[in-house]
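Chains as they are written, first to last, in UniProt numbering: chain A, 1 to 347; chain B, 1 to 286.
Yeah, the Cβ is synthetic: ideal placement off N, Cα and C, and Gly gets one too.
Scroll down for the structure; my scribbles are underneath it.
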């Protein structure tokens, strides 16, 4: 096997390798059969910035007799860099997926998702993506119910008009690894191509791809299967099925949360946002409803939200995750700004 | 100026007095050879030579000629002493080592003789610091007996091209192999000036074409392949980074001489040199 990569494409190859290195330690190369090359391949393309300036051509050759994969970089000023890497034969890996049969397809510039994931702390391992006819929600996935009360929960909402293509046939909610997503987004962004996302039911892999005339990249990520998803996302309310997060200000769930927080909401453009599932079970009284409606109406007038790219709010769980949620914050938690009105509303 | 307010009497006691308006002209060069704690200072009326050695296998020398200094007064033909180089560098950078233009530390370095400390007067922005560093009995530097008449192969390159190779060197490789050849006897390489490493994941080769515009001189008498311990040569990367040109020479024994041409902040030329013994004689490429 021999192939030659020229000019700017060397940079693309280098970025692909760097991106893949964030996903796993071993690289499978498949010309006609597969081999497994360890992470040393990344050292061949160590500095992408330098590569861009100095490499004119990259020649890749497979020498089966010597079990050797050779990268030859023809650089400026007559410098020739040759890297001979050992490899191991391995069985061919085939990811089983058929993205064309998937219920939901989205297409957008990778920047949209890059700007979304940047809000999650690096410690977040998994994210849950939920889709409805007009919206996509991305939030961090918390494994443990006990952790849920202590963890910082982050949720962002993207509107369909932020995408180049937004086609939803089934309202699914899937959970997958954020680390891999970040890696592939960095690569996708560097290609300057549109990113397509194929999403189906929990358990089916989510596929993200970039395509043009010279390159096709498919990133296939496993998602948590159905029973997993349900258990974790259960709001402990009477409903077994997770209701889609409300997305308008008139919804009482948000309002009751706002009362408990006694905050005129997070600073900046973001006003209220769909609360996490633990808050969906918050109780309210009819008098609340009335008072609250006015409160949120006032707020809504202040912001022309549809113009904003996306709304985000960071909030910790002030309400205990029990269905019998009282309006009082948990006594052991620090209340930064208590709501004197709570006493009258609480049941 | 504060540094010159020392009494005339005290000045007369020093057998060596040197001063620099910009201490970086000394500290940068010393950093390029600072792979060990101790350095031997050898001073003659021609200038200052600072030597650092490791394992009796590698030696680095930094040369600062007398005319680089604003003042260079020496009362003896040869003065040698040994100091802790790390401490000296810390003192030279005592004001934080600012690299902004216009701000520099002025240095006055004085020595009274055997048994006396090396005294440094450092001034920046009107603040003066005095440092006295204990001197030690100097160890005799090794004479690698590298003479130009015995040089087999010599190559002069612009540092820029070698800098890339040295920064990418596979550190899992125990050895750095240097091959120089006047002809092209090998199948895989155009083998003229070749740097090779053999690491845990495979081998890497940096082949510098004779026709490259980075190569200023190529004078090879015979094919030579020598291996040097990576750990000994890797520190030379600092000198390489500072330099604009480098000469690579090997002699008939396979000893390596790397000479770096360094331009200091004021554009003056100084030299740094590394000598290294080969690890084993390799007659043919493996």
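My guess is that residue 56/B and residue 142/B are in contact by the Cβ rule of under 8 Å, so how many angstroms apart are they, rounded?
Yes, they are in contact, since the Cβ atoms of residue 56/B and residue 142/B sit about 6 Å apart, within 8 Å.
For chain B, find out if any of its Cβ atoms is closer than 7 Å to the Cβ of residue 79/A; answer yes or no.
Chain B, which has a Cβ nearer than 7 Å to the Cβ of residue 79/A, makes this yes.
Per DSSP, what are the beta-bridge partners of residue 133/B in this structure?
Answer by DSSP bridge pairing, in chain order: 118/B.
Look at the alpha carbon of residue 37/B and the alpha carbon of residue 17/A, and state the distance between them as a whole number of angstroms.
Using only the alpha carbons, I get a separation of about 40 Å.
In three-state DSSP terms, what is residue 65/A?
Coil.
Does the separation of the CB atoms of residue 108/B and residue 265/B fall below 7 Å?
No, the pair does not count as a contact, with Cβ atoms beyond the cut-off.
Under 8 Å by Cβ, that's how I've got residue 278/B and residue 255/B pegged, so tell me the actual separation to the nearest angstrom.
Going by Cβ atoms, the distance from residue 278/B to residue 255/B rounds to 7 Å, so yes, they are a contact pair.
Please classify residue 1/A as buried or exposed, where buried requires at least 16 other C-beta atoms within 10 Å of its C-beta.
When all chains shown are included, residue 1/A counts as exposed.
Consider the Cβ of residue 289/B: report whether some Cβ of chain A lies at a distance smaller than 7 Å.
Chain B is shown only over 1 to 286; residue 289/B falls outside these bounds and no answer can be derived.
How many angstroms separate the CA atom of residue 263/B from the CA atom of residue 46/A?
Those two C-alpha atoms are separated by around 29 Å.
With DSSP collapsed to three states, give me the class of residue 16/B.
DSSP places residue 16/B in strand when its eight states are reduced to three.
In three-state terms, what does DSSP make of residue 22/A?
Coil at residue 22/A, not helix or strand.
So that I know if they touch, is there some Cβ in chain A lying closer than 7 Å to that of residue 180/B?
False, the Cβ-Cβ gap to chain A never drops below 7 Å.
Would you call the region 44 to 61 of chain A and the region 219 to 227 of chain A in contact, with 3 or more CB pairs under 8 Å?
Counting Cβ pairs under 8 Å, fewer than three are found: no touch.
Quick one: Cα of residue 43/B to Cα of residue 169/B, how far?
Computed Cα separation, rounded: 35 Å.
How big is the Cα-Cα spacing for residue 186/A and residue 114/A?
Going from the Cα of residue 186/A to the Cα of residue 114/A covers about 8 Å.
Please list the partners that residue 83/A has in chain B, where partner means a Cβ-to-Cβ separation under 7 Å.
Near residue 83/A (Cβ distances below 7 Å), the residues of chain B are 202 and 204.
Which residues does DSSP pair with residue 202/B in a beta bridge?
For residue 202/B, which the question treats as bridged, DSSP gives the partners 85/A.
How about residue 60/B and residue 29/B: do their beta carbons lie closer than 7 Å?
Against a cut-off of 7 Å, the Cβ pair of residue 29/B and residue 60/B comes out as no contact.
By DSSP, does residue 166/B sit in helix, in strand, or in coil?
Correct three-state label for residue 166/B: helix.
If residue 79/B sits next to residue 111/B, beta carbons under 8 Å apart, how far is it from one beta carbon to the other, in whole angstroms?
So it is a contact: roughly 7 Å between Cβ atoms.
Would DSSP call residue 219/A helix, strand or coil?
Three-state result, residue 219/A: strand.
Which residues share a DSSP beta bridge with residue 106/B?
Residue 106/B pairs with 123/B.
Which partner residues does residue 228/B have in the DSSP bridge list?
Partner(s): 176/B.
Output needed for residue 431/A: all residues of its chain with C-beta closer than 7 Å, excluding positions within five of it in sequence on either side, in chain order.
It is not possible to answer for residue 431/A, since the shown part of chain A is limited to 1 through 347.
How would you list, in chain order, the residues of chain B whose beta-carbon sits under 7 Å from the beta-carbon of residue 22/A?
Residues of chain B passing the Cβ test: none, with the nearest at roughly 19 Å.
Going by DSSP in three states, residue 183/A sits in which element: helix, strand or coil?
Residue 183/A falls in the helix class under three-state DSSP.
Which two residues bound the contiguous alpha helix (DSSP H) that contains residue 25/B?
Its alpha helix (DSSP H) spans residues 24 to 31.
When the cut-off is 7 Å and only beta carbons count, does residue 90/A lie next to chain B?
No, no contact with chain B.
Hey, residue 85/A and residue 201/B are a contact pair by Cβ (cut 8 Å); roughly how many whole angstroms apart?
Confirmed, Cβ separation roughly 6 Å.
Would the region 177 to 192 of chain A and the region 3 to 16 of chain A be scored as touching if the rule is three or more Cβ pairs under 8 Å?
Yes: at least three Cβ pairs fall under 8 Å.
Of all the beta strand (DSSP E) runs that stay within the bounds of the region 57 to 91 of chain B, which reach a length of 3 or more residues?
The region 57 to 91 of chain B contains these whole beta strand (DSSP E) runs: 58 to 65, 71 to 74 and 79 to 84.
Taking all protein chains shown into account, do 16 or more other C-beta atoms lie within 10 angstroms of the C-beta of residue 20/B, making it buried, or fewer, making it exposed?
The residue in question, residue 20/B, is buried, as its Cβ has 16 or more Cβ neighbours within 10 Å.
Out of curiosity, what's the CA-to-CA distance linking residue 207/B and residue 8/A?
Distance between the alpha carbons of residue 207/B and residue 8/A: 22 Å.
Whose Cβ in chain D lies nearer than 7 Å to the Cβ of residue 216/B?
You won't find chain D in this structure, because its protein chains are A and B.
In chain order, what residues of the same chain have a beta carbon less than 6 Å from the beta carbon of residue 60/A, not counting five sequence neighbours either side?
Answer for residue 60/A: 3 and 71, listed in chain order.
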